[in-house]
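Structure first, commentary second.
There are 2 protein chains.
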Amino acid sequence: MSVNRRTHSSRPSPTGKSGRGAGSGSRTPPRRSQSERRQQTRQALLDAALDQLADGIRFDQLSLRRVARAAGVVPAAFYRHFDSMDELALVLVEESVRTLRSMLREAREGGTPPERMIASSVEILVSHVREHRRHFAFIADARSSSNTVLRHTIRNEIRLFASELATDLARFPVLREWSTADLQLLAGLFVDTMIVAIDALLESPASALAVEGPPGQASSEIAAQTEKRMRLIALGVPNWRSRP
Amino acid sequence: MSVNRRTHSSRPSPTGKSGRGAGSGSRTPPRRSQSERRQQTRQALLDAALDQLADGIRFDQLSLRRVARAAGVVPAAFYRHFDSMDELALVLVEESVRTLRSMLREAREGGTPPERMIASSVEILVSHVREHRRHFAFIADARSSSNTVLRHTIRNEIRLFASELATDLARFPVLREWSTADLQLLAGLFVDTMIVAIDALLESPASALAVEGPPGQASSEIAAQTEKRMRLIALGVPNWRSRP
DNA sequence: TCACTTAGTGTACGGCTGTTCACTAGATAT
DNA sequence: ATATCTAGTGAACAGCCGTACACTAAGTGA
Numbered sequence: 001m002s003v004n005r006r007t008h009s010s011r012p013s014p015t016g017k018s019g020r021g022a023g024s025g026s027r028t029p030p031r032r033s034q035s036e037r038r039q040q041t042r043q044a045l046l047d048a049a050l051d052q053l054a055d056g057i058r059f060d061q062l063s064l065r066r067v068a069r070a071a072g073v074v075p076a077a078f079y080r081h082f083d084s085m086d087e088l089a090l091v092l093v094e095e096s097v098r099t100l101r102s103m104l105r106e107a108r109e110g111g112t113p114p115e116r117m118i119a120s121s122v123e124i125l126v127s128h129v130r131e132h133r134r135h136f137a138f139i140a141d142a143r144s145s146s147n148t149v150l151r152h153t154i155r156n157e158i159r160l161f162a163s164e165l166a167t168d169l170a171r172f173p174v175l176r177e178w179s180t181a182d183l184q185l186l187a188g189l190f191v192d193t194m195i196v197a198i199d200a201l202l203e204s205p206a207s208a209l210a211v212e213g214p215p216g217q218a219s220s221e222i223a224a225q226t227e228k229r230m231r232l233i234a235l236g237v238p239n240w241r242s243r244p
Numbered sequence: 245m246s247v248n249r250r251t252h253s254s255r256p257s258p259t260g261k262s263g264r265g266a267g268s269g270s271r272t273p274p275r276r277s278q279s280e281r282r283q284q285t286r287q288a289l290l291d292a293a294l295d296q297l298a299d300g301i302r303f304d305q306l307s308l309r310r311v312a313r314a315a316g317v318v319p320a321a322f323y324r325h326f327d328s329m330d331e332l333a334l335v336l337v338e339e340s341v342r343t344l345r346s347m348l349r350e351a352r353e354g355g356t357p358p359e360r361m362i363a364s365s366v367e368i369l370v371s372h373v374r375e376h377r378r379h380f381a382f383i384a385d386a387r388s389s390s391n392t393v394l395r396h397t398i399r400n401e402i403r404l405f406a407s408e409l410a411t412d413l414a415r416f417p418v419l420r421e422w423s424t425a426d427l428q429l430l431a432g433l434f435v436d437t438m439i440v441a442i443d444a445l446l447e448s449p450a451s452a453l454a455v456e457g458p459p460g461q462a463s464s465e466i467a468a469q470t471e472k473r474m475r476l477i478a479l480g481v482p483n484w485r486s487r488p
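Residue numbers (our numbering), protein chains in the order written: chain H, 1 to 244; chain V, 245 to 488.
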């Protein structure tokens, strides 16, 4: 995990011999420009945080010191890149939201026939969570973080995501006449169903040997369950009237 | 919040006069049996924890010392009643689950006409959350706690809740022919919709002056939104076939 | 009345936390 | 070649944490 080679030590080298290429097998450290070093450490900090998140550590328990340690850097060095853990979190929001939007884009562009729409969306969801587990773990976690700003930020992004989905839904013939509010309702229901699926997907493989309760479902079961839920919701659409 | 009157002090009374009824206006402390005292402090600890939870403090941030302080008791005294915060949490689970089941009972027993079923359930949900805010706050929080045992325990209880709802649903004529699995699916969808509603209800009033994002919706809006979601789901029911 | 039990006290300890500061070595600019 | 800049170091700080321990006052039972 450590990014930086030890550049100087408090204890002088035990052998008097120092200088480049002295030790057998020790190679000259690769020359890196200052900006390379900087950018690399910064990313190491972000990666360290994401890795811990993917390992089931919650953001709230993620201390500045733990992140620095996992990045192979001393705590004080953290401040060269971020003012606080909260600021690091906001960078992770951007990264993760990009992943989220890429999922929407992927679902949009393939010329999927309407009757395959739900199945295809669920497949994309599952594969995206598998391939970008760390980002989804962060999103899921941040959603219920104790950091108010972070929590509100991520929830707002999810609301935006639902809004985009709503305008996509508007293109379906059955939904042509629907009011904006009703489209938001439907999209919100779909999105919340996805979130439940994401939570389940994240729970299952990391805690495969969980001590308590039913063993985490396999991702195929979760996918099947999610697809059924969405189909059931979609079935109500043709009969929907806003006022009861 | 403090339950126990100061019973002795490290510093001797500044006046030499000690003994009962000495000071003007000081009344004799009410005699309490030992078991009364014990039970009272224990409840004060539980209440202190619940109060903090209702104030938006997450269980993870809730330290033994904070709880003890809020209960007006020294940290070491905590151990006379619970081995650890985790053990206290499990007691709160029992308390809270009782509240949850009382909600189901209330929804069951009133002779509600079928077409009012959803509206009535949502009303009961909203009023229950208002009246037992602390328990619901704990449930919502524990669901995503970092304590694995606690999290699994509460999720299992929610699964049980969904199962009971499923058997209730089975009594509806439209659902007579449904398989158990499909009933579980439907119940799960309803329950998750409720959880979303609970989260929203808990968010709104405590953080009425939230710094960021859209102001929390009023509970009536949340109720309306939730009712619509459930109605939409219910509309799909008559057309449902398990295999697509 | 007197010994026993027990709920709660006060103090102390080590461990982890965020933050600060003077310092250094390697990259950069003159 | 030399001076400047800067990413990272290591040591120190105060604060909160969980836990341990000896102690005390009040309630309890013989």
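Even glycine gets a Cβ: it sits at the ideal position worked out from N, Cα and C. Source: prediction; values computed, not measured.
- Chain-order list of chain H residues neighbouring V:P417: empty, with the shortest C-beta distance near 18 Å, by a criterion of under 8 Å.
- DSSP, read as helix, strand or coil, puts V:V335 in helix.
- Pairing H:S121 with H:A107 gives a Cβ-Cβ distance under 8 Å.
- Closer than 9 Å at the C-beta level to chain V, one finds these residues of the segment 52-71 of chain H: G56, I57, R58, D60, Q61.
- In the same chain as V:E471, and ignoring 5 residues on each side of it, the C-beta atoms closer than 8 Å to its own belong to I362, A363, V366, in chain order.
- When DSSP states are grouped into helix, strand and coil, V:L306 belongs to the coil group.
- Note on H:T193: 16 or more other CB atoms within 10 angstroms of its CB, so buried under the neighbour-count rule.
- Close CB contacts of H:F82 within its chain, under the 6 Å cut and outside five residues either way in sequence, are with L88 (chain order).
- The contact set of H:W240 on chain V, defined by CB atoms closer than 7 Å, consists of L476, L479 in chain order.
- Here the alpha carbon of H:V174 sits roughly 15 Å from the alpha carbon of H:L185.
- Around the CB of V:T285, 16 or more other CB atoms lie within 10 Å, so the residue is classed as buried.
- Our two residues, V:E465 and V:A321, have alpha carbons roughly 45 Å apart in a direct line.
- Membership of V:P319 in the alpha helix (DSSP H) is indicated by the continuous run 319-322.
- Counting the other Cβ atoms within 10 Å of the Cβ of V:R309 gives fewer than 16, which makes it exposed.
- Residues of the same chain with a CB within less than 7 Å of the CB of V:A293, apart from the 5 flanking positions on each side, are L306, V311, L332, L336 in chain order.
- Shown here for V:G432: same chain residues with a beta carbon closer than 6 Å to its own, the five before and five after excluded, namely A406 in chain order.
- Using a CB distance cut-off of 8 Å, V:S388 counts as an interface residue toward chain H.
- For the 8 Å CB-CB criterion, V:P488 and H:R231 form a contact.
- For V:Q287, the enclosing alpha helix (DSSP H) starts and ends at 278-298.
- Per DSSP, reduced to three states, the secondary structure at H:S120 is helical.
- The three-state secondary structure of V:G480, taken from DSSP, is helix.
- For a cut-off of 8 Å, the C-beta gap from H:P114 to H:F172 is around 7 Å, short enough to register as a contact.
- Looking only at V:V481, V:G300, V:R276, V:Q469, the smallest Cα-Cα distance to H:A181 is reached by V:Q469.
- Within chain H, the residues D192, T193, V196 have their CB atoms less than 8 Å from the CB of V:D436, given in chain order.
- For V:G355, the secondary structure class from DSSP, reduced to helix, strand or coil, is coil.
- The Cβ atoms of V:R395 and V:A381 lie no closer than 8 Å to each other.
- In the displayed model, V:A414 falls within coil according to three-state DSSP, outside both helix and strand.
- Collapsing the DSSP output to three states places H:D83 in coil.
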